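Read through the structure below, which is laid out as structure tokens, and then see the notes.
Numbering (this note's numbering), first residue to last: 4 to 473.
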């Protein structure tokens, strides 16, 4: 990558618009007012500083145009707008504020991603673990912030001589154009299953959102899981260079609750992660690193260094004689994978106990299927709350319960909406050789009930309860 000094991030307004190619992109309507100097691009009126270009982004509940005066009072030198405002300040009028904002934020820093190794990871499940593992082979890892923040971070990292960045790229980020103006050296597809349908409405739209990342606009190379049906669809349809990965690439696979091992071309790979799904996550990271021409032996060293990601098949040890696993599984596919993995690691006489719920104000269509999977795959199902938000936790539990009943299983089933009490009940049932899976929240540190948010971390609560039992 180029060793030239990073741009300072200050540009005349009209030159900035030209650099962002808003006209070429068909986004620019007109520029109103005198030229001005832009020192930063902001979408939050509360964080505007003198010289900022304030972007009037439309939201679900608020319209950024309503905060333009506040931004100007704070020192904004210009506005990015969808409609002309009756204000004595330069305005860039565009057809799409979000797209334009992303391009302007990148252009202000002369597109810093083009001078770095930037890798994006997308998919329903496995993004965090894959990015975490790849980061050990490269450098820092992030999820997707708003476009203005992303370009500010990339610019700062470039000034700090950061050479590589790995980031999760969500379907929301793609639909909201947060990574527009960012050039990825490679993009990784892990898998696709039901999630976020409250936002995307259909699986087809969800897939289309993910597929946007695998176009020339964003990247020249896709690293794709060919064992996933949607991954195969991507391979069949994308026009950029594609490299695939799958279980047939590896040999001599060994795994338990805390480790995985396998070989690629005679090189031993080992990671401090449990479960077959983490074999696939690590393989995605390995494949991406190879696409960046990192030697296989160096990849193996990075994989071996990586520690488990909190809340991703995290094993909780507090002297108990049964296993406790905390996992972020909050989709039908993820829950099934976690329960299958937990079952494969336990004795034939042990019980598999699952504690989980489903989020409120989110995709309600997955509640029944998750209940059905829990009923079919476990021996004891304890339904509880998982961020019910404005919905009734009891009503959500009824929907999950209907799914458990549809599994045609005769499992022990109970509902305990107090999540701490539900975890405690699971521990009171568990005996030597059993496995308790606490699913849904993973690394999260809060629980939202109604309009109030409380501190809550599954792993911490589990350790507290196990400590009280010992």
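All C-beta atoms, glycine included, are put in the ideal place defined by N, C-alpha and C.
All values reported here derive from a predicted model rather than from experimental measurement.
Contact check, residue i vs residue j, beta carbons under 8 Å
i	j	result
residue 306	residue 261	no
residue 147	residue 173	yes
residue 363	residue 390	yes
residue 111	residue 183	no
residue 39	residue 25	no
residue 31	residue 97	yes
residue 277	residue 316	yes
residue 436	residue 350	yes
residue 222	residue 243	yes
residue 425	residue 402	no
residue 300	residue 256	no
residue 109	residue 50	no
residue 267	residue 356	no
residue 333	residue 443	yes
residue 87	residue 34	no
residue 370	residue 406	yes
residue 295	residue 252	no
Closest residue to residue i among the options (Cα-Cα distance)
i	options	result
residue 330	111, 461, 295 and 289	461
residue 82	64, 116, 114 and 42	42
residue 246	117, 411, 192 and 52	192
residue 325	429, 84, 384 and 101	429
residue 45	55, 271, 109 and 179	55
residue 458	469, 423 and 437	423
residue 215	336, 123 and 438	123
residue 166	153, 126, 121 and 132	121
residue 208	178, 189 and 228	178
residue 381	286, 159 and 346	346
residue 213	104, 175 and 312	175
residue 280	69, 447, 132 and 118	132
residue 21	91, 282 and 106	106
residue 28	102, 64, 337 and 80	102
residue 445	227, 128, 217 and 149	128
residue 114	157, 372 and 79	157
Where residue i falls, given that 16 or more other Cβ within 10 Å makes a residue buried
i	result
residue 73	exposed
residue 298	exposed
residue 328	buried
residue 304	exposed
residue 143	Below a pLDDT of 50, predicted positions are generally treated as unreliable, and residue 143, at 47, falls in that range; the measurement from the model is reported next regardless. Exposed, by the Cβ-count rule.
residue 89	exposed
residue 310	exposed
residue 385	buried
residue 130	buried
residue 169	buried
residue 393	exposed
residue 415	exposed
residue 219	exposed
residue 199	The predicted position of residue 199 is uncertain, since its pLDDT is 48 and thus under 50; a value taken from the coordinates is nonetheless stated next. So residue 199 ends up on the buried side.
residue 233	buried
residue 434	exposed
For residue i, three-class secondary structure by DSSP
i	result
residue 82	strand
residue 458	strand
residue 208	helix
residue 401	helix
residue 450	strand
residue 203	Confidence in residue 203 is poor, its pLDDT being 44 and thus under 50, which makes the residue's placement unreliable; the coordinate value appears in the next sentence. If DSSP states are grouped into helix, strand and coil, residue 203 belongs with the helices.
residue 413	coil
residue 238	helix
residue 433	coil
residue 316	coil
residue 251	helix
residue 177	helix
residue 267	strand
residue 272	strand
residue 23	helix
residue 418	strand
residue 348	coil
residue 359	strand
residue 297	coil
residue 332	coil
residue 309	coil
residue 373	helix
residue 15	strand
residue 51	coil
residue 87	coil
Bridge partner(s) assigned by DSSP for residue i
i	result
residue 31	97
residue 246	226
residue 392	452
residue 45	57
residue 259	Residue 259 pairs with nothing; no bridge assigned.
residue 326	438
residue 191	124 and 226
residue 383	356 and 415
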